[in-house]
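All remarks here apply to the structure that follows.
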Amino acid sequence: MPSTSNSDAGALAEGDEALAAGEAANAIGKGATAVGAGATAVAQIATAVGNNALASGQNSAAFGNNAQANGPGSVAVGGAAVDADGNPLITSGGVPVETGATSAGVGGTAVGASAAAVVRVRRGRQCHR
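Under full-length UniProt numbering, the residue at position 104 of the sequence shown is numbered 104, and the numbers go up by one with no gaps.
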């Protein structure tokens, strides 16, 4: 959903080879890239593209409205599933899901509107859920 406020905040690129484009976009870290209003990439080689997308894991990538890639090497692709008025279309236990695709953990991957992926390590092995 489009941002409802106009902060007039500029983009911030801090770090070698960092790129930030969009109102209040932040790229902090070597090679970090943030494109879109409120997009934030805060780790080395992290990439966030989309309104309020967040990439906080090293080498992570988040693409889509409110998509979040939080673990190292994680990928999240997909925006928040909302109707034309911006109301969430997906619920979890009766609670509206307002986030985009979210991937947390080492190498996690979430693809699809409001998708979630959590990677847990058990006895030296990765278990995807």
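Note that beta-carbon positions come from the ideal geometry of N, C-alpha and C, so glycine has one too.
Under 7 Å Cβ to Cβ from residue i, same chain only, skipping five residues before and after it: list those, please.
i           : result
residue 67  : 50, 53, 76, 77, 78, 79, 100 and 101
residue 111 : 77, 78 and 101
residue 11  : 20, 21, 22 and 25
If you reduce the DSSP assignment to three classes, tell me which class residue i lands in.
i          : result
residue 33 : strand
residue 92 : strand
residue 46 : coil
residue 24 : coil
residue 39 : coil
For residue i, which residues does DSSP report across the bridge?
i           : result
residue 87  : DSSP output for residue 87 lists no bridge partner at all.
residue 111 : 77
residue 132 : Any property of residue 132 remains undetermined from this structure, which presents the chain solely from 1 to 129.
residue 82  : 88
residue 103 : 69 and 117
Can you have a look at residue i and say buried or exposed, based on whether 16 or more other CB atoms are within 10 angstroms of its CB?
i           : result
residue 47  : buried
residue 87  : exposed
residue 128 : With a pLDDT of only 48 at residue 128, under the threshold of 50, the placement of this residue in the model should not be trusted; the figure read from the coordinates follows. Classification for residue 128: exposed.
residue 131 : This structure leaves residue 131 out entirely; the chain is present only between 1 and 129.
residue 92  : exposed
Quick one: what's got a C-beta closer than 8 Å to residue i's C-beta in the same chain, skipping five residues either side?
i          : result
residue 16 : 30 and 31
residue 9  : 23 and 24
Less than 6 Å between C-beta atoms, sequence neighbours within five positions excluded: which residues of the same chain meet that for residue i?
i          : result
residue 37 : 3, 22, 23 and 51
Continuous beta strand (DSSP E) assignments of at least 3 residues falling wholly in the segment 49-76: 61-63
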